[in-house]
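A quick write-up on the structure given underneath.
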Amino acid sequence: MKLLIWGISGTMGKNIEALGREDAYWTEIQGVDSKTDVNTLDENMDVIIDFSHPSSLGKLLTFALKTGTPLVMATTGFSEEQQEDIDRASIKIPVLQASNTSMGMNLLFSLVKQSARALGKDMDIEIVESHHRRKKDAPSGSAKSLVESVEEGLQEKRKIVYGRQGESPRETGEIGVHAIRGGDIKGVHHVHFIDELEQITLSHEAMDRKVFARGALKAGKFLVNQSPGLYGMEDVLNQTQTEG
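When we follow the numbering used here, the leftmost residue of the sequence shown carries the number 538, and every step to the right adds one.
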């Protein structure tokens, strides 16, 4: 299969290329960076994996729609208008959108949903995420996905509080979200379910960024066989569990 990496000069793009070249499944790998003339690209690629920047979305979707190429999107931080563009594109081509491509992290999303369903209504819920000092967005896309997992488990929307300062006693039912930035932390996420008698903490730590590259390549392999639609890493995880 022929793979196009959108954002190949970035840290994640380089990791995906390196792992991809170790896998005979990928017979050809090409890349796009900020200097690439999109008009010169091979239009017969089998799948695109995007680890770039929201500002690249226009060119990315134009190319993917023009060529009918399945698209794995691991970039986060899109505006509501951009998300609508992605949703429309998924009507015509397969699109897999993920805030985190680690298989373990996506298992955490599922576990958090189950825990919220069983425990959440009676517990205070706090989410803490940690990343390297260079990360531009806060909270992380994965932290936002964890909030969504909690709310899906609870089957209700909750008030979200981003950090606390001054007099800020906790209100019943709110979800606290906190971001730590420092060093070269690859990605650590904790979800705390707390009441006055006990605390349950679910967590995931990425030890190496290759874990995201590995998951993105799994997502690419999954997507090449799909019909148009909007998919997530949970679909990849479910397929892996079925095959296992």
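No residue lacks a Cβ here, since even glycine has one placed at the ideal position from N, Cα and C.
query                                                                                                                                                                                                     : result
Below 8 Å on the Cβ atoms is my contact criterion, and I expect residue 622 with residue 594 to pass it. Report the Cβ-Cβ distance as a whole number of Å.                                                : 7 Å
Whether or not the stretch 715 to 729 and the stretch 651 to 667 are in contact is what I'm after, with contact meaning three or more pairs of Cβ atoms, one per stretch, closer than 8 Å; do they touch? : yes
Between residue 580 and residue 599, is the Cβ-Cβ spacing less than 8 Å?                                                                                                                                  : no
Does the separation of the CB atoms of residue 671 and residue 549 fall below 8 Å?                                                                                                                        : no
Report yes if the CB atom of residue 661 is closer than 8 Å to the CB atom of residue 707, and no otherwise.                                                                                              : yes
Measure the alpha-carbon distance for residue 733 versus residue 584 and round it to whole angstroms.                                                                                                     : 50 Å
Output needed for residue 613: all residues of its chain with C-beta closer than 6 Å, excluding positions within five of it in sequence on either side, in chain order.                                   : 636 and 678
Tell me whether residue 682 is buried or exposed, calling it buried when 16 or more other Cβ atoms sit within 10 Å of its Cβ.                                                                             : buried
Where DSSP assigns a beta bridge to residue 716, which residues make up the other side?                                                                                                                   : 666
Residue 568 by DSSP, collapsed to three states: which one?                                                                                                                                                : strand
Which value, in whole angstroms, describes the spacing of the CA atoms of residue 709 and residue 561?                                                                                                    : 53 Å
Report all residues from its chain with a CB closer than 6 Å to the CB of residue 767; omit the five preceding and five following residues, and keep chain order.                                         : 627 and 632
Which value, in whole angstroms, describes the spacing of the CA atoms of residue 542 and residue 567?                                                                                                    : 6 Å
Can you give me the C-alpha to C-alpha distance between residue 772 and residue 760, rounded to a whole angstrom?                                                                                         : 10 Å
Report the rounded CA-to-CA distance for residue 713 versus residue 538, giving the unit in angstroms.                                                                                                    : 43 Å
Starting from the C-beta of residue 716, find all residues in its chain whose C-beta is less than 6 Å away, skip the five residues before and the five after it, and write them out in chain order.       : 666, 675 and 676
Tell me whether the beta-carbon of residue 816 lies closer than 8 Å to the beta-carbon of residue 586.                                                                                                    : Not covered by the structure: residue 816. The range shown for the chain is 538 to 781.
I need the straight-line Cα distance from residue 704 to residue 697, nearest angstrom please.                                                                                                            : 17 Å
Starting from residue 623, trace the alpha helix (DSSP H) both ways and give me its first and last residue.                                                                                               : 617 to 626
Please report how far the alpha carbon of residue 722 lies from the alpha carbon of residue 673, in whole angstroms.                                                                                      : 14 Å
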